[in-house]
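A.B. asks: Note that the protein sequences, when read in sequence, are chains A and B. Those letters in the first sequence? Residues 1 to 113, per the numbering used here, in order. Those letters in the second sequence? Residues 114 to 226, per the numbering used here, in order. A virtual CB, placed ideally from N, CA and C, is assigned to each residue, including glycine. Predicted, not measured: the structure shown is a model, and the values here were computed from it. The following block contains the structure, expressed as structure tokens.
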Amino acid sequence: GEQVEQLPSSLIVQEGASVLINCSYTDSASVYFPWYKQEPGKRLQFIIDIRSNMERKQTQRLTLLFDKKTKHLSLHITATQPGDSAIYFCSASINTNAYKVIFGKGTHLHVLP
Amino acid sequence: ETAVFQTPNYHVTQVGNEVSFNCKQTLGHDTMYWYKQDSKKLLKIMFSYNNKQLIVNETVPRRFSPQSSDKAHLNLRIKSVEPEDSAVYLCASSRDSANTEVFFGKGTRLTVV
């Protein structure tokens, strides 16, 4: 079945820095890749997504790149703030079973003031 | 407020007891899910329902049983809990299939002593 790998597992940066979170998946039938953020004590929150017919998506300080050939995604966060400290999850769902989203293990981001 | 609501927030119980968790969504979505998040923050799909129909039933022990009275409610019952059931159980919903943004509840933290 589909597997989603995420690296790094944790990141500590100074406020204002940019970060890159990498994600890879195994099932070439995967078509939809949402990312979620989980702040301490809060619910998982959708932040950005991309579909397999796109290469790039940008919203505010987030840029999501998708490479279908290498089955790789990367999330770039610019001008980080302490409020960005959270666990970031990459996920994938395949067209044949659209009701099953597989999550990566998460990247713990700590932004120091 | 439109969201996904879970009760209780926390539950502590002894091995062998039965527990039941409730979930309601007021977003008008057709699809609901149960996820398990362990102590390392790993997220695993357990069940998916679409319009009260079970769509996804992952390799989950038989002591776990979902119950859906209508498309806005999806409860989770665990008969005879075991120590490895200690986790946060996240309920979620989406508009149709999982190829759209998924909205999560705040979770129910189960501790089995």
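Starting from the beta carbon of Pro34 of chain A, find every residue of chain B whose beta carbon is closer than 8 Å, and list them in chain order.
C.D. replies: On the first sequence, residue 34 of chain A is found 34 positions in, with the first residue counted as 1. Within chain B, the residues near Pro34 of chain A are Glu214 and Val215.
A.B. asks: So the candidates are A:Ile48, A:Thr80, A:Glu39 and A:Gln3; which of them puts its Cα closest to the Cα of Ser129 of chain A?
C.D. replies: The structure shown does not extend to residue 129 of chain A, since chain A is modelled only from 1 to 113, so the question has no answer here.
A.B. asks: Using the Cα positions of Ser207 of chain B and Leu64 of chain A, report the straight-line distance between them to the nearest angstrom.
C.D. replies: Start at 1 with the first residue of the second sequence, and residue 207 of chain B comes out as number 94. Start at 1 with the first residue of the first sequence, and residue 64 of chain A comes out as number 64. Each residue's Cα considered, the two are about 22 Å apart.
A.B. asks: Below 8 Å on the Cβ atoms is my guess for Ser32 of chain A versus Asn212 of chain B; work out the distance and round it to an integer in Å.
C.D. replies: In the first sequence, the residue the question calls residue 32 of chain A occupies position 32. In the second sequence, the residue the question calls residue 212 of chain B occupies position 99. Strictly speaking, residue 32 of chain A in this sequence is Tyr, with Ser absent from that position. That belief holds up - the Cβ atoms of Tyr32 of chain A and Asn212 of chain B are roughly 4 Å apart, short of 8 Å.
A.B. asks: Using a threshold of 7 Å, state whether the C-beta atoms of Val201 of chain B and Gln119 of chain B are closer than that.
C.D. replies: What you label residue 201 of chain B is simply residue 88 of the second sequence in a count that begins at 1. What you label residue 119 of chain B is simply residue 6 of the second sequence in a count that begins at 1. Not in contact: Val201 of chain B and Gln119 of chain B (Cβ atoms no closer than 7 Å).
A.B. asks: Listing by chain order, which chain A residues have their CB less than 7 Å from the CB of Ser161 of chain B?
C.D. replies: Numbered from 1 along the second sequence, position 48 holds the residue referred to as residue 161 of chain B. Correct list: Tyr99 and Lys100.
A.B. asks: Over what stretch of residues does the beta strand (DSSP E) that includes Val179 of chain B continue unbroken?
C.D. replies: Here the question's residue 179 of chain B lines up with position 66 in the second sequence. First, the amino acid is wrong: residue 179 of chain B is Pro here, not Val. Note, Pro179 of chain B: beta strand (DSSP E), Phe177 to Asp183.
A.B. asks: On the criterion of 16 or more Cβ atoms from any shown chain inside 10 Å, does Glu221 of chain B qualify as buried, or is it exposed?
C.D. replies: Indexing the second sequence from 1 puts residue 221 of chain B at position 108. According to the sequence displayed, residue 221 of chain B carries Thr and not Glu. With 16 or more Cβ atoms within 10 Å of its Cβ, Thr221 of chain B is classed as buried.
A.B. asks: Say whether chain A places a C-beta atom closer than 7 Å to the C-beta of Leu156 of chain B.
C.D. replies: Residue 156 of chain B sits at position 43 when you count from the first residue of the second sequence. It does: the Cβ of Leu156 of chain B has a partner Cβ on chain A nearer than 7 Å.
A.B. asks: Of all the options B:Lys153, B:Pro196 and B:Pro179, which has the alpha carbon lying nearest to the alpha carbon of Ser161 of chain B?
C.D. replies: As a working mapping, residue 161 of chain B is identified with position 48 in the second sequence. Ser161 of chain B has its Cα closest to that of B:Pro179, out of B:Lys153, B:Pro196 and B:Pro179.
A.B. asks: What is the DSSP secondary structure of Pro196 of chain B, counted as helix, strand or coil?
C.D. replies: Residue numbering aside, residue 196 of chain B sits at position 83 when the second sequence is read from its first letter. Reduced to three states, the DSSP call for Pro196 of chain B is helix.
A.B. asks: Which chain B residues are close to Lys105 of chain A, counting only those with a beta carbon under 8 Å from its beta carbon?
C.D. replies: Numbered from 1 along the first sequence, position 105 holds the residue referred to as residue 105 of chain A. Ordered by position in chain B, the residues that pass the 8 Å Cβ test against Lys105 of chain A are Lys153, Lys154 and Leu155.
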